[in-house]
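Taking it in order: structure first as structure tokens, then the write-up.
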Amino acid sequence: MSDTGRTRADWPLYEVFVRGKRGLNHVHVGSLHAADDRMALTHARDLYTRRNEGVSIWVVRSAHITASTRDEKDPFFAPSADKVYRHPTFYDIPDDVPHI
Amino acid sequence: MSDDHVYLSLAEEHDDGDARWAFGTGFEDPLHGVDPAVPAGVDRADLAARCLALGDDALVSAQRLAEWTTRAPELEEEMALANIGLDLLGQARLLYTRCGQVDGTGRGEDAYAYLRDPGGFRNVRLAELPNGDFAFSVVRLLVLASWRLAHFERLTADPDPVLAAVAAKGVKELAYHRQWAAEWVVRLGDGTDESHARTQAALDRAAPYLGELFAAYDVRADVLAVLGQVTDAAGLRLPPAPPLPGHGRDGGHTEHLAPLLDELQSLARAHPGATW
Numbered sequence: 009m010s011d012t013g014r015t016r017a018d019w020p021l022y023e024v025f026v027r028g029k030r031g032l033n034h035v036h037v038g039s040l041h042a043a044d045d046r047m048a049l050t051h052a053r054d055l056y057t058r059r060n061e062g063v064s065i066w067v068v069r070s071a072h073i074t075a076s077t078r079d080e081k082d083p084f085f086a087p088s089a090d091k092v093y094r095h096p097t098f099y100d101i102p103d104d105v106p107h108i
Numbered sequence: 028m029s030d031d032h033v034y035l036s037l038a039e040e041h042d043d044g045d046a047r048w049a050f051g052t053g054f055e056d057p058l059h060g061v062d063p064a065v066p067a068g069v070d071r072a073d074l075a076a077r078c079l080a081l082g083d084d085a086l087v088s089a090q091r092l093a094e095w096t097t098r099a100p101e102l103e104e105e106m107a108l109a110n111i112g113l114d115l116l117g118q119a120r121l122l123y124t125r126c127g128q129v130d131g132t133g134r135g136e137d138a139y140a141y142l143r144d145p146g147g148f149r150n151v152r153l154a155e156l157p158n159g160d161f162a163f164s165v166v167r168l169l170v171l172a173s174w175r176l177a178h179f180e181r182l183t184a185d186p187d188p189v190l191a192a193v194a195a196k197g198v199k200e201l202a203y204h205r206q207w208a209a210e211w212v213v214r215l216g217d218g219t220d221e222s223h224a225r226t227q228a229a230l231d232r233a234a235p236y237l238g239e240l241f242a243a244y245d246v247r248a249d250v251l252a253v254l255g256q257v258t259d260a261a262g263l264r265l266p267p268a269p270p271l272p273g274h275g276r277d278g279g280h281t282e283h284l285a286p287l288l289d290e291l292q293s294l295a296r297a298h299p300g301a302t303w
């Protein structure tokens with residue numbers, strides 16, 4: 009970054025992912041502004057885990073996320089709509105197996 | 028499959044039947060299983076005085092931190108300041124309750140918070156000084172959190188089991204307060220010329236109030252070591268300063284405490300016994 013030595017008018021945006029106590033994965037919970045990675049983590053702790061929601065936090069600069077676009081919706085996702093054989097629906101799942 | 032979502036999973040019905048407030052779950056009572064009887068050999072008046080002093084530090088600090096709400100430089104920092112204030116308010120409540128149990132008056136926490144005049148408060152004066160700018164607020168918080176953490180770490184071994192339990196809960200909160208404040212002091216001290224100058228001015232302003240903190244408990248070396256580590260990293264200096272005359276622990280306060288209490292106590296005094 010070439011902007012060291014001067015302050016930025018706006019802090020960059022970060023996306024926040026929290027792993028809940030009983031949760032399985034980190035889940036996106038929102039976003040926030042922070043001056044750097046460390047401050048983003050501190051802010052995430054103060055904004056998104058204050059009601060005892062989390063045991064682990066990830067933060068990532070929103071600019072570092074590469075997302076699919078609306079224009080790509082059909083070529084990306086439509087082809088999987090009719091491939092029913094890709095779903096494991098032909099198996100009998102025992103009742104006591106969770107999270108499938 | 029609401030387990031996939033951290034907030035939805037909190038709203039789920041649970042089998043254990045424990046009470047829940049809003050979305051929070053798994054709350055722990057810090058005094059669960061602690062025997063409130065005062066052990067033999069513990070001086071009740073001394074214990075009450077110690078609880079009162081620590082409770083007053085926390086209540087007055089919490090009120091100052093709450094004053095940042097709607098005025099903080101960033102929304103995220105406003106939440107951080109309010110969270111820290113609420114941690115301290117929680118500590119004050121437990122300490123006042125303990126004070127009422129052991130000082131012979133049987134008073135509840137509200138009586139200590141709302142029905143005492145400035146001369147009855149035993150907080151250190153550093154806590155009651157106006158917020159000033161953001162630099163002074165974070166410097167003040169760094170000093171108070173560093174002292175309180177060092178002191179609470181010792182209190183976890185206090186002969187009074189309730190005070191020890193309150194301290195054990197507070198240590199985790201205070202460690203975060205100190206870390207949050209230290210990160211800001213380094214950031215400001217090592218930032219622009221303006222932020223450096225303001226933060227140094229904040230240290231200069233706080234320095235004469237430090238002696239008061241160290242009067243009763245022997246944590247001076249620990250606290251000064253922590254502060255030195257932070258100021259070194261920040262390129263700042265905590266100047267030696269002769270302690271100011273007078274003592275907040277004896278009820279001698281600055282002119283700033285009375286207006287603070289006026290605001291804090293106005294509702295409770297206008298409507299005695301009101302609940303909300």
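Chains as they are written, first to last, in this note's numbering: chain A, 9 to 108; chain B, 28 to 303. From the three backbone atoms N, C-alpha and C, an ideal C-beta is built for every residue, glycine too. No experiment lies behind these values; they were computed from the predicted model shown.
Proximity of residue 93 (chain B) and residue 117 (chain B) at Cβ, strictly below 8 Å:
no
For residue 55 (chain B), count neighbouring C-beta atoms within 10 Å of its own C-beta (all shown protein chains included) and say buried if the count is 16 or more, exposed if not.
exposed
With the cut-off set at 8 Å, would you say residue 162 (chain B) and residue 226 (chain B) are in Cβ contact?
yes
Under 8 Å by beta carbon: chain B residues contacting residue 79 (chain A)
Simply none; closest approach about 28 Å.
Contact residues within the segment 17 to 47 of chain A, judged by C-beta distance below 8 Å to chain D
Here chain D cannot be found, since the structure's protein chains are A and B.
Who are the near neighbours of residue 61 (chain A) in its chain, counting only those whose CB is closer than 7 Å to its CB and skipping five residues on each side?
26 and 28
Residues in its own chain within less than 6 Å of residue 83 (chain B) by CB, not counting five upstream and five downstream?
148, 149 and 150
What residues are listed by DSSP as bridge partners for residue 40 (chain A)?
A:22
Counting only runs that start and end within the segment 72 to 144 of chain B, where is the alpha helix (DSSP H) found for 4 or more residues in a row?
102 to 129 and 136 to 141
May I have the straight-line CA-CA distance separating residue 215 (chain B) from residue 160 (chain B), to the nearest angstrom?
12 Å
Kindly say whether residue 104 (chain A), judged by its beta-carbon, lies nearer than 8 Å to any beta-carbon of chain B.
no
Roughly how many whole angstroms lie between the Cα atoms of residue 256 (chain B) and residue 205 (chain B)?
12 Å
Tell me where the alpha helix (DSSP H) around residue 222 (chain B) begins and ends.
220 to 233
Since residue 100 (chain A) meets chain B, which of its residues come closer than 8 Å, beta carbon to beta carbon?
None at all; the shortest Cβ gap to chain B is about 19 Å.
Below-8 Å beta-carbon distance, residue 55 (chain A) vs any chain B residue
yes
Of the choices B:186, B:187 and B:172, whose alpha-carbon is the least far from that of residue 200 (chain B)?
B:172
Residue of A:33, A:45, A:52 and A:36 minimising C-alpha distance to residue 102 (chain B)
A:52
Contact residues within the segment 207 to 229 of chain B, judged by C-beta distance below 8 Å to chain A
207, 210, 214, 218 and 219
Take the Cβ of residue 92 (chain A) as the centre, count every other Cβ of all protein chains shown within 10 Å, and call the residue buried at 16 or more, exposed below.
exposed
Would you mind reading off the limits of the alpha helix (DSSP H) that contains residue 61 (chain B)?
Taken as a continuous stretch (DSSP letters only), residue 61 (chain B) belongs to no alpha helix (DSSP H), as it is neither H nor E.
Residue 66 (chain A) - partner residues in DSSP beta bridges
A:25
Our contact map puts residue 152 (chain B) next to residue 238 (chain B) with C-beta atoms below 8 Å; I'd like the distance itself, whole angstroms only.
Not a contact, Cβ separation roughly 11 Å.
What are the partner residues of residue 35 (chain A), as DSSP defines its beta bridges?
A:26
Cut-off 6 Å between Cβ atoms - residues of its own chain near residue 130 (chain B), not counting five sequence neighbours on either side:
75
Determine whether the Cβ of residue 72 (chain A) lies closer than 8 Å to any Cβ atom of chain B.
no
Helix, strand or coil: how does DSSP classify residue 191 (chain B) here?
helix
As assigned by DSSP and simplified to three states, the class of residue 251 (chain B)
helix
Could you compute how far the alpha carbon of residue 253 (chain B) sits from the alpha carbon of residue 136 (chain B)?
33 Å
Contacting positions in the segment 102 to 119 of chain B - beta carbon closer than 7 Å to chain A
103, 106, 107 and 110
Checking 8 Å against the spacing of the C-beta atoms, do residue 217 (chain B) and residue 261 (chain B) come in under that value?
yes
Taking 8 Å as the threshold (C-beta atoms), are residue 241 (chain B) and residue 232 (chain B) in contact?
no
How should residue 155 (chain B) be labelled, buried or exposed, when 16 other C-beta atoms within 10 angstroms of its C-beta is the threshold for buried?
buried
Identify whether residue 95 (chain A) lies in helix, strand or coil by the three-state DSSP scheme.
coil
Can you say whether residue 81 (chain A) is buried or exposed, counting buried as having 16 or more other CB atoms within 10 angstroms of its CB?
exposed
Secondary structure of residue 279 (chain B), DSSP reduced to three states:
coil
Extent of the continuous alpha helix (DSSP H) run through residue 238 (chain B):
237 to 240
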